[in-house]
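Per the numbering used here, the very first residue in the sequence shown carries number 1; after that it's consecutive. We put the beta carbon where it would ideally sit given N, CA and C, even for glycine. Some notes on the structure that comes next.
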Amino acid sequence: VLLRIEKEESLMEAINKESALQRLKSYRKHPLSAILFLLVVISAVITLTVLIALIAYILIKGIPNLSPELFEWEYTTENVSMMPAIINTLIITALSLLFALPVGICSAIYLVEYAKRGNKLVSIVRITTETLSGIPSIVYGLFGYLFFNIFLEWSYTILGGALTLAIMILPLIMRTTEEALIAVPDLYREGSFGLGAGKLRTVFRIVLPSAVPGILAGVILAVGRIVGETAALLYPAGTATTVADGLMSSGRTLAVHMYALLNEGLYMDQAYATAVVLLVVVIGINALSGLIAKKVGVKD
1 VLLRIEKEES
11 LMEAINKESA
21 LQRLKSYRKH
31 PLSAILFLLV
41 VISAVITLTV
51 LIALIAYILI
61 KGIPNLSPEL
71 FEWEYTTENV
81 SMMPAIINTL
91 IITALSLLFA
101 LPVGICSAIY
111 LVEYAKRGNK
121 LVSIVRITTE
131 TLSGIPSIVY
141 GLFGYLFFNI
151 FLEWSYTILG
161 GALTLAIMIL
171 PLIMRTTEEA
181 LIAVPDLYRE
191 GSFGLGAGKL
201 RTVFRIVLPS
211 AVPGILAGVI
221 LAVGRIVGET
231 AALLYPAGTA
241 TTVADGLMSS
251 GRTLAVHMYA
261 LLNEGLYMDQ
271 AYATAVVLLV
281 VVIGINALSG
291 LIAKKVGVKD
């Protein structure tokens, strides 16, 4: 057994050396490939360096300023508590996903599974979603303010902010769900049809479970955008420092809370501490969603 393992290791080393030599020869024949490879490596190093520096800066500046007073239930000018903002963030995130997920997923199912090829409606919807994805978040905030606050006379409400964010993340959910459904092999559909299953049963029992990891990836991106959003919530939801006691009440999220503290300029230390909590919340949500996607994928 030991001799066999040593032979396999030596064979792998020989293969790696041979592949490395082949790479060097290809780079000599095609200098542009070496330049592109170098640019990719430099870009990856720069991205990783910026990410590490950003996280390190937030942690260094924020962790020393964390204190129990920042997590008290009620906000005052003395404790500058972020607990109401954390609760409002969870409420708005849940409401936004509740409004956006059914519409986005069902729209993607229609575009991929039911719409005929060459349908003009499909091309119009895709162009519209791509256009909406490129609109700045402040424009969504202005729209939410004009429609929900002024036209519907809701004033500053959690519901208006959640609907504004739902409109903002809807194109993202639609596109990611559509790509996840397209990635499912047609062999799955053909096998289901061959066993006598109908279209609806095939979609919900075969196609959607296979596309769950890709759909959850879109949900992760949407949640990250909701939690870190500020401009789209300033006008529709307002900046009240209390926990929203209803859908028609005003309330600030964690990102808006940090923006307000920085804007006032009187609570810089507390703003850095809020940034640490916001960073932990985003990383925690992404890790939890990734774990769920991995378990679902393994189960399927």
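{"Check": "Could you compute how far the alpha carbon of Y114 sits from the alpha carbon of S192?", "Outcome": "16 Å"}
{"Check": "Comparing alpha-carbon positions, which option in N263, M82 and L278 lies nearest W73?", "Outcome": "M82"}
{"Check": "Tell me the rounded alpha-carbon separation between P171 and S133.", "Outcome": "6 Å"}
{"Check": "Compare the C-alpha of A231 against each of L221, I150, R252 and Y57 and name the closest.", "Outcome": "R252"}
{"Check": "Beta carbon of I226, beta carbon of L97: below 9 Å?", "Outcome": "yes"}
{"Check": "Between P213, V40, P64 and K120, which lies nearest to L291 when the distance is taken from Cα to Cα?", "Outcome": "P213"}
{"Check": "Put E74 into one of helix, strand or coil per three-state DSSP.", "Outcome": "coil"}
{"Check": "Please state if the CB of G246 and the CB of G161 are separated by a distance shorter than 9 Å.", "Outcome": "no"}
{"Check": "Are the stretch 167 to 183 and the stretch 100 to 119 in contact at 8 Å, needing three or more beta carbon pairs?", "Outcome": "yes"}
{"Check": "Around the Cβ of G62, are there at least 16 other Cβ atoms within 10 angstroms (buried) or fewer (exposed)?", "Outcome": "buried"}
{"Check": "Helix, strand or coil: how does DSSP classify L279 here?", "Outcome": "helix"}
{"Check": "Where do the N-terminal and C-terminal ends of the alpha helix (DSSP H) with V103 fall, by residue?", "Outcome": "M83 to I109"}
{"Check": "Mind checking E264: buried by the 16 CB within 10 Å criterion, or exposed?", "Outcome": "exposed"}
{"Check": "Keeping to the same chain, check which residues put their C-beta closer than 6 Å to that of Y140; ignore five residues upstream and five downstream.", "Outcome": "T164, M168 and A232"}
{"Check": "Does the separation of the CB atoms of L261 and T242 fall below 9 Å?", "Outcome": "no"}
{"Check": "Which whole-angstrom value is the C-beta distance of Y259 and Y145, which I expect to be below 8 Å?", "Outcome": "Actually they are not in contact, since the Cβ atoms of Y259 and Y145 sit about 16 Å apart, beyond 8 Å."}
{"Check": "By the 10 Å Cβ neighbour count, where 16 or more other Cβ atoms means buried, how is L54 classified, buried or exposed?", "Outcome": "exposed"}
{"Check": "What is the DSSP secondary structure of G194, counted as helix, strand or coil?", "Outcome": "helix"}
{"Check": "So is K299 buried or exposed if we call it buried at 16+ other beta carbons inside 10 Å?", "Outcome": "Low per-residue confidence applies at K299: pLDDT is 44, beneath 50, and the placement is therefore not dependable, though the value from the model is reported in the following sentence. The residue is exposed, with fewer than 16 neighbouring Cβ atoms inside 10 Å."}
{"Check": "Which runs of the alpha helix (DSSP H) fall wholly inside the stretch 190 to 239 and span at least 4 residues, in chain order?", "Outcome": "199 to 202, 208 to 227 and 231 to 234"}
{"Check": "Taking the alpha carbon of I91 as the point to measure from, which residue in I124, N286 and V223 has its own alpha carbon closest?", "Outcome": "V223"}
{"Check": "Would you decide whether R117 is buried or exposed? Buried here means 16 or more other CB atoms lie within 10 Å of its CB.", "Outcome": "exposed"}
{"Check": "Roughly how many angstroms lie between the CA atoms of S250 and I86, to the nearest whole one?", "Outcome": "14 Å"}
{"Check": "For A197 versus L95, is the C-beta spacing smaller than 9 Å?", "Outcome": "no"}
{"Check": "I need the DSSP call for A244, collapsed to helix, strand or coil.", "Outcome": "coil"}
{"Check": "From this set, Y188, V80, V276 and N286, which residue's C-alpha is nearest V203's C-alpha?", "Outcome": "Y188"}
{"Check": "Does the beta-carbon distance from N88 to A244 come in below 9 Å?", "Outcome": "yes"}
{"Check": "Could you tell me the distance, in whole angstroms, from the CA atom of Y156 to the CA atom of M248?", "Outcome": "8 Å"}
{"Check": "In three-state DSSP terms, what is K116?", "Outcome": "coil"}
{"Check": "What are the boundary residues of the alpha helix (DSSP H) that S137 is part of?", "Outcome": "S137 to G144"}
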